[in-house]
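The block underneath contains the structure these notes are about, expressed in structure tokens.
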Amino acid sequence: MKLAQGAEAIITREGNAVIKHRFEKKYRHPEIDKNLRKYRTRREYKILEKLEGLGFPATRKIDYDEDKGILKITFIKGPTVKEILHKNPKKLGREIGKKIAILHKCNIIHGDLTTSNMILDEEIKFIDFGLSFSSERDEDKAVDLHLIRQALESKHHKIWEECYKEVIEGYKGEYPEHKKVLKRLEIVEARGRNKH
Ligand SMILES: Nc1ncnc2c1ncn2[C@@H]1O[C@H](COP(=O)(O)OP(=O)(O)O)[C@@H](O)[C@H]1O
Ligand SMILES: [Mg+2]
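According to our numbering, the sequence shown is numbered sequentially starting from 1097.
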């Protein structure tokens, strides 16, 4: 069963598994395209491996075939946070912030923090680590926070402020070194404003 079709991949469900197939992009040079798909598939698999070791609430790896651009992961039942955030923006916001902090403490940057990339099972679980990477830099962590802010502003405009406030509170509570990241976030946001 087809779950989603993104710009990069087709997502299908097969029982308790989800297959993420990164398809060919005709406008890219074939060799470059193949390498990119290969690299992203492997990167997502490796990060899931790391998250599992940490016990972080996320989809779990099953298998991958980098030559085919196929990643097999566990299906998480439940709505995306996008669908249900309005029901409990503060509580869910706090949980999101706390979980982002856990990733950042481990120097994992999600890279695509949106409410479509989170599923509410017994707790919020993160998916879509295709753009994730390791970094110790406050800048990268600040950009990650800026991404979730932008996602909330654009997709949840009625509740985004109360929710985002809790994201930051949750983040602070979980991450002793939050101060320098939040300081950097001010710079990232000023930069964003200057662009417009
Ligand atoms: N492990 C999973 N369990 C349940 N649903 C999933 C899972 N992975 C992806 N999905 C669904 O498919 C959608 C797209 O998957 P995602 O990994 O975010 O790919 P894309 O890079 O195209 O955004 C998600 O927003 C979610 O609805
Ligand atoms: Mg996604």
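For glycine and all other residues, C-beta sits at the position ideal for the given N, C-alpha and C.
Cβ-Cβ separation, residue j to residue i (assumed contact under 8 Å), whole Å
i: Val-1263; j: Gly-1193; result: 4 Å
i: Arg-1138; j: Arg-1118; result: The Cβ separation is near 11 Å, so there is no contact.
i: Ser-1231; j: Lys-1178; result: Between Lys-1178 and Ser-1231 the Cβ distance is about 26 Å, and since that is not below 8 Å, they are no contact.
i: Ala-1113; j: Lys-1168; result: 5 Å
i: Leu-1209; j: Asp-1236; result: Rounded, the Cβ-Cβ distance is 12 Å, inconsistent with contact.
Exposure of residue i, with buried meaning 16 or more beta-carbon neighbours within 10 Å
i: Glu-1217; result: In the sequence under discussion, the amino acid at residue 1217 is Asp, which differs from the Glu named in the question. So Asp-1217 ends up on the exposed side.
i: Tyr-1271; result: buried
i: Phe-1222; result: buried
i: Asp-1163; result: exposed
i: Glu-1140; result: buried
i: Cys-1259; result: buried
i: Lys-1116; result: buried
i: Met-1097; result: exposed
i: Leu-1188; result: buried
i: Gly-1149; result: exposed
i: Ile-1283; result: exposed
i: Tyr-1123; result: exposed
Three-way DSSP call (helix, strand, coil) for residue i in this model
i: Lys-1168; result: strand
i: Lys-1116; result: strand
i: Thr-1176; result: strand
i: Ile-1158; result: strand
i: Ile-1255; result: coil
i: Lys-1186; result: helix
i: Asp-1129; result: helix
i: Tyr-1260; result: helix
i: Arg-1124; result: coil
Residue span of the beta strand (DSSP E) that contains residue i, given as start and end
i: Thr-1108; result: 1105-1110
i: Lys-1098; result: 1098-1101
Which runs of the beta strand (DSSP E) spanning at least 3 residues fall entirely within the stretch 1196-1234, listed in chain order?
-> 1214-1216 and 1220-1222
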